[in-house]
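Asker: Sharing a structure with you now.
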Amino acid sequence: MTAAVNTAPGLASRFVNGVLAIKPLANLAKHQARQMMIKRAEKMGVSWTKEVQKLQARDWAMDLAQVENPQLSYPDYYLTSFHAYETGNLSWQAAFEVEPAAYAVHAKIWQGAEAQGDFKLRQSYHEILKNQISNEPQDILDLGCSVGMSTFALQAVYPQAKITGLDLSPYFLAVAEYRSRQRQAQINWVHAPAETTGLPNASFDFVSLFLVCHELPQSATRQIFAEARRLLRPGGHLGIMDMNPKSEAFEKMPPYVLTLLKSTEPYLDEYFTLDIEQALVEAGFQSPTITANSPRHRTVIAQVGG
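Have a look at this one:
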């Protein structure tokens, strides 16, 4: 039996939703959230502005043409504002700022970690994978790979594996392709929806979703779980690293901070109220393990039978 999950946002969330329903206040919250991240990054030595300017100075036409599927249709949920960008992930600005934003957002997870917080978060995920998955995967799919930070990190952990990175933003993938050339990394980049990848059945030993599910409506999350189940071989694993709705950090988050967070994450309520264990079982996985890997994140590992 699975315990009942409260699917209604709490009082603080409902208050924040009311604030964000007023467009001028929502825009102010987005601006404040963005400025807070930039200041935090610059203060700890991450050259947000300088690094973004370097990327802006390049001609990206060939990189984009190499990865983009011009026939792709974007789902409606993706055509919205994410992370304080009006065009969401479908913009160069969003793609150029992923890395410094990750360093800024993850700087406060552990006291004193600062710019190393992002590395520590990824490392904590990989340590759980190593402990719980005995057979090293030979074929890995990184769903929602963004600009490749999670993909390159997986490659460092499993250097013998063939790795595919898949994302819905061609701008993110263009940056990922550029970074892979800089690193001389052999990675297959795919521009496709995670719900319908077009990749062959049972073609992977391990599928990873790193900080993806909180950016999805529940319907898309369930479809992606089903797609991951189709793509995995018998005995294969799905790994999910994301926010932990049950962590004390989120339960005690001040309404002001919650407002800033929700202004940049339109599907946060849907993620926080998802019964992830039940959703995985319904998608055809065995009952998953759930392990806290930071004060505010969890790692979920689900296996295919056989």
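At position 303 of the sequence shown (counting the first as 1) the number is 302 in numbering that gives the first Met the number 0, and the numbers step up by one without a gap. Where a beta carbon is used, it is the ideal one built from N, C-alpha and C, also for glycine.
(1) Could you have a look at P204 and say whether DSSP puts it in helix, strand or coil?
(2) So what does R297 bridge to, in DSSP terms?
(3) Tell me the residue span of the alpha helix (DSSP H) that contains L153.
(4) Any idea if G234 is buried or exposed, counting beta-carbon neighbours within 10 angstroms, 16 or more meaning buried?
(5) Hey, is the segment 235-242 in contact with the segment 193-212, meaning 3+ C-beta pairs nearer than 8 Å?
(6) What are the boundary residues of the alpha helix (DSSP H) that T318 is part of?
(7) To which residues of the same chain is S90 closer than 7 Å at the C-beta, ignoring the five residues directly before and after it?
(8) Taking the C-alpha atoms as reference points, what is the distance between V97 and F118?
(9) Starting from the Cα of T48, find the closest Cα among S218, I162, Q92, M61 and give me that residue.
(10) Does the Cβ-Cβ distance between Y266 and E194 come in under 9 Å?
(11) For chain D, check one thing: does any of its Cβ atoms lie closer than 9 Å to the Cβ of H236?
(12) Report the partner residues of G164 according to the DSSP bridge assignment.
(13) Please determine, among M35, F81, L140, the residue with the shortest C-alpha to C-alpha distance to Y102.
(14) Which residue from Q154, E264, E50 puts its Cα closest to that of F95?
(15) On the DSSP bridge list, what partners appear for H236?
(16) So, helix, strand or coil for F284, using DSSP?
(17) Is there contact here, the segment 100-114 with the segment 57-72, by at least three beta-carbon pairs under 8 Å?
(18) Report the rounded CA-to-CA distance for S46 versus Q55, giving the unit in angstroms.
Answerer: In this structure, then:
(1) In the sequence under discussion, the amino acid at residue 204 is Asp, which differs from the Pro named in the question. Three-state DSSP puts D204 in a strand.
(2) Looking at the DSSP output, R297 bridges to D241, A291.
(3) In the DSSP annotation of this structure, the continuous segment of the alpha helix (DSSP H) that includes L153 starts and ends at 148-156.
(4) That one is exposed.
(5) Enough Cβ pairs lie closer than 8 Å, so yes.
(6) Residue 318 lies beyond the range of the chain shown here (0 to 305); nothing can be said about it.
(7) So the list reads Y84, Y170, once near-sequence residues are dropped.
(8) Each residue's Cα considered, the two are about 14 Å apart.
(9) The candidate whose alpha carbon is nearest that of T48 is Q92.
(10) Contact flag unset, no.
(11) Within the model displayed, chain D is absent; a lone protein chain is all it includes.
(12) Answer is D141, W188.
(13) Selected option, being the one with the closest Cα: M35.
(14) It is E50 whose Cα lies nearest to the Cα of F95.
(15) Looking at the DSSP assignment, H236 forms a beta bridge with F205, Q302.
(16) In the three-state scheme derived from DSSP, where H, G and I count as helix and E and B as strand, F284 is classed as coil.
(17) With a cut-off of 8 Å, the segment 57-72 and the segment 100-114 do not count as touching, because too few Cβ pairs lie within range.
(18) About 14 Å.
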